[in-house]
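Participant: Mind having a look at this structure? Questions to follow.
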Amino acid sequence: MSSDWHITGLTVGQVAERMQIAPSAVRWYADQGLLPHERVAGNQRRFFADVLCRVAMIRAAQKVGLSLSEIHEALEALPPGQPPTRQDWERLATHLRTTLTRRIDDLFTLLNEMTVQHPDPTPIPTAGGPRTVA
1 MSSDWHITGL TVGQVAERMQ IAPSAVRWYA DQGLLPHERV AGNQRRFFAD VLCRVAMIRA
61 AQKVGLSLSE IHEALEALPP GQPPTRQDWE RLATHLRTTL TRRIDDLFTL LNEMTVQHPD
121 PTPIPTAGGP RTVA
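Shown next as structure tokens:
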């Protein structure tokens with residue numbers, strides 16, 4: 001990725017190709033306010049180079065089940081109109097990790113409640129060690 005974050009000119013097609021996603025996904029993310037862009041002649045969208053990092057973060061967050069509103073809220077913490085710093089990305093990643101950890105804890109609690117109400121001899125696999133309710 002280019003080190004000059006202020007280069008405009010990445011088209012929808014270029015973003016899609018570099019991120020290996022459909023152009024319609026790039027347009028849709030932009031329409032949802034997740035990808036800042038400028039309009040040029042012919043009303044075509046042009047993105048800054050940081051769009052590639054944003055798309056990567058969006059895709060990762062979607063894979064783990066975050067809603068678009070949660071992703072939008074997290075991305076709003078990034079500075080508008082300027083390149084995100086390493087600290088900006090670390091802060092965003094920390095926020096997403098906290099959100100995911102809370103969601104995982106909620107799911108384990110629900111799973112344990114279901115097990116207590118309807119015992120099943122099959123043990124519950126856990127990724128981070130035992131998470132049972134007392």
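When the letters of the sequence shown are read in order and numbered with the UniProt record's numbering, they come out as residues 1 to 134.
Idealized CB from N, CA, C, for every residue including glycine.
Return helix, strand or coil for residue 40, following the three-state DSSP convention.
Facilitator: Working through the sequence shown from its first residue, we reach residue 40 at position 40. Three-state DSSP puts residue 40 in a strand.
Participant: So, are the CB atoms of residue 15 and residue 26 less than 8 Å apart?
Facilitator: Within the sequence shown, residue 15 is the residue found at index 15, counting from 1. Within the sequence shown, residue 26 is the residue found at index 26, counting from 1. For residue 15 and residue 26, yes; Cβs fall inside 8 Å.
Participant: Which of helix, strand or coil does DSSP assign to residue 52?
Facilitator: Here residue 52 refers to the residue found at position 52 of the sequence shown. Note: residue 52 maps to helix in three-state DSSP.
Participant: Cβ of residue 64 within 8 Å of Cβ of residue 29?
Facilitator: On the sequence shown, residue 64 is found 64 positions in, with the first residue counted as 1. On the sequence shown, residue 29 is found 29 positions in, with the first residue counted as 1. Against a cut-off of 8 Å, the Cβ pair of residue 29 and residue 64 comes out as no contact.
Participant: Quick test of your reading: residue 78 and residue 99, contact by CB under 8 Å. State the CB separation rounded to the nearest angstrom.
Facilitator: Mapped onto the sequence shown, residue 78 falls at position 78. Mapped onto the sequence shown, residue 99 falls at position 99. In fact, because the Cβ distance is near 16 Å, the residues do not count as touching under 8 Å.
Participant: I need the DSSP call for residue 34, collapsed to helix, strand or coil.
Facilitator: Your numbering for residue 34 matches position 34 in the sequence shown. In the structure shown, residue 34 sits in coil (DSSP, three-state: anything other than H, G, I, E or B).
Participant: In this structure, does DSSP put residue 66 in helix, strand or coil?
Facilitator: By one-based count along the sequence shown, residue 66 stands at place 66. Note: residue 66 maps to coil in three-state DSSP.
Participant: Buried or exposed: where does residue 37 fall if 16 or more other Cβ atoms within 10 Å of its Cβ makes it buried?
Facilitator: Position 37 of the sequence shown, counting from 1, holds the residue named residue 37. Buried, since its Cβ has 16 or more Cβ neighbours within 10 Å.
Participant: What separation, rounded to the nearest whole angstrom, lies between the Cα atoms of residue 74 and residue 53?
Facilitator: Within the sequence shown, numbered from 1, the residue matching residue 74 stands at position 74. Within the sequence shown, numbered from 1, the residue matching residue 53 stands at position 53. Cα to Cα, residue 74 sits roughly 13 Å from residue 53.
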